[in-house]
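First up is the structure itself, then whatever we jot down about it.
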Amino acid sequence: MRELAERAGISGRALRHYHHIGLLEPDRVGSNGYRYYGTEAVARLQRILLLRDTGMALADIAAVLDAPETPTAEVEALQTHLTRLADDREALDRRINAVEHTLRMRREGREPRMDVMLEGFNDRYEAEVVRRWGREAFDASNQWWHSKSIGQQRDWQADAEALLTRWAEIHEAGHTPGSPVAQEHAAVHMTWFAEIPGTPTHADDAERSAAMVRCVADLYETSPDFHHAFGSREAAQFAADALRLHVRPPA
Numbered sequence: 000m001r002e003l004a005e006r007a008g009i010s011g012r013a014l015r016h017y018h019h020i021g022l023l024e025p026d027r028v029g030s031n032g033y034r035y036y037g038t039e040a041v042a043r044l045q046r047i048l049l050l051r052d053t054g055m056a057l058a059d060i061a062a063v064l065d066a067p068e069t070p071t072a073e074v075e076a077l078q079t080h081l082t083r084l085a086d087d088r089e090a091l092d093r094r095i096n097a098v099e100h101t102l103r104m105r106r107e108g109r110e111p112r113m114d115v116m117l118e119g120f121n122d123r124y125e126a127e128v129v130r131r132w133g134r135e136a137f138d139a140s141n142q143w144w145h146s147k148s149i150g151q152q153r154d155w156q157a158d159a160e161a162l163l164t165r166w167a168e169i170h171e172a173g174h175t176p177g178s179p180v181a182q183e184h185a186a187v188h189m190t191w192f193a194e195i196p197g198t199p200t201h202a203d204d205a206e207r208s209a210a211m212v213r214c215v216a217d218l219y220e221t222s223p224d225f226h227h228a229f230g231s232r233e234a235a236q237f238a239a240d241a242l243r244l245h246v247r248p249p250a
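At position 244 of the sequence shown the residue is numbered 243 (numbering that gives the first Met the number 0), and the sequence of numbers has no breaks.
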């Protein structure tokens, strides 16, 4: 056993564990307790180590090697494992982006709350979103957001940033919140809201949509984070006023 372990680059303890869980049986065990492995066991060990290097769990490796059609089972298991690794990588990328965002906000002396609106309904803000819009809104929007690829998430963020930048441009051009230009962009903003599952605008619920927009307008008006996102407190106030006008019931 010691010679095999040394040649394979693993510990004797690992070989004993493989034997204990039924993954690699020795050809025989001597009266002295030594395990003896023949050529078939050595070949099986080589495959175990190759699959282990992919990060596959030992239980999955055992299922692959013990399957009647080993090559087919191995391909299917590796494909499943690859999909799982890709999902893990996307999850890790999301966590990295969240940490980078939080770190950037902290360095600027601000609270990292902007990704509730600009990066989707994030898991870290579940309690706040549920409190404001309900559990169904969080679950629907959260599932929608996390079903996107990293590239799709970044594209959506870029669109959101462009939406807010346009508000600043309209304000700086001297338009009023009730002007045709401002109200046209308010309609664009409403369409952006409607893209997010779980929101009243997505459900085409006019009454609840108006209530949600007024709530969001209050955030635009009062939150320093949104002031920064719009480029200035004045631009955020302008957008808030225009959106309130847009959902105001006709006189």
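All C-beta atoms, glycine included, are put in the ideal place defined by N, C-alpha and C. Owing to the predicted nature of the structure, the values given are computational and were not obtained by experimental measurement.
Quiz item: Residues in its own chain within less than 6 Å of R247 by CB, not counting five upstream and five downstream?
Solution: Mapped onto the sequence shown, residue 247 falls at position 248. Cβ neighbours of R247 beyond the five flanking positions: none.
Quiz prompt | Contacting residues, own chain, Cβ-Cβ under 7 Å from Q142 (five flanking each side not counted) | solution = In the sequence shown, counting from the first residue as 1, residue 142 sits at position 143. When the five nearest sequence neighbours on each side are left out, no beta carbon in the same chain lies closer than 7 Å to the beta carbon of Q142.
Quiz prompt | Candidates A136, D65, Y17: closest to H201 by CA position | solution = Taking the sequence shown and counting its residues from 1, one reaches residue 201 at position 202. Nearest neighbour of H201 by Cα position, chosen from A136, D65, Y17, turns out to be A136.
Self-check item: Residues near A251 by beta carbon distance below 8 Å, same chain, minus five either side
Solution: For residue 251 there is no data in the structure shown, the boundaries of the chain being 0 and 250.
Quiz item: Buried or exposed: where does A241 fall if 16 or more other Cβ atoms within 10 Å of its Cβ makes it buried?
Solution: Along the sequence shown, one-based indexing puts residue 241 at 242. Buried: at least 16 other Cβ atoms inside 10 Å.
Self-check item: Expected contact under 8 Å - CB spacing of R252 and L23 to nearest Å
Solution: Given a span of 0 to 250 for the chain in the structure shown, any question on residue 252 remains unanswerable.
Exercise. Have a look at G150 and W144 and give me their C-alpha separation to the nearest angstrom.
Key: Taking the first residue of the sequence shown as 1, we reach residue 150 at position 151. Taking the first residue of the sequence shown as 1, we reach residue 144 at position 145. Cα-Cα distance, rounded: 12 Å.
Self-check item: CB-CB length for A210 against A239, believed under 8 Å
Solution: Residue mapping note: residue 210 aligns to position 211 of the sequence shown, counting from 1. Residue mapping note: residue 239 aligns to position 240 of the sequence shown, counting from 1. With a Cβ gap of about 15 Å, A210 and A239 do not count as contacting.
Quiz item: Starting from V63 and walking both ways along the alpha helix (DSSP H), at which residues does that stretch end?
Solution: The residue labelled residue 63 in the question sits at position 64 within the sequence shown. Segment 57-65, the alpha helix (DSSP H) holding V63.
Quiz item: Would you say W166 and F225 are within 8 Å of each other, going by their C-beta atoms?
Solution: By 1-based counting over the sequence shown, the position of residue 166 is 167. By 1-based counting over the sequence shown, the position of residue 225 is 226. Not a contact, by the Cβ cut-off of 8 Å.
Quiz item: With 16 other CB atoms within 10 Å as the buried threshold, where does V63 fall?
Solution: Here the question's residue 63 lines up with position 64 in the sequence shown. Burial call: buried.
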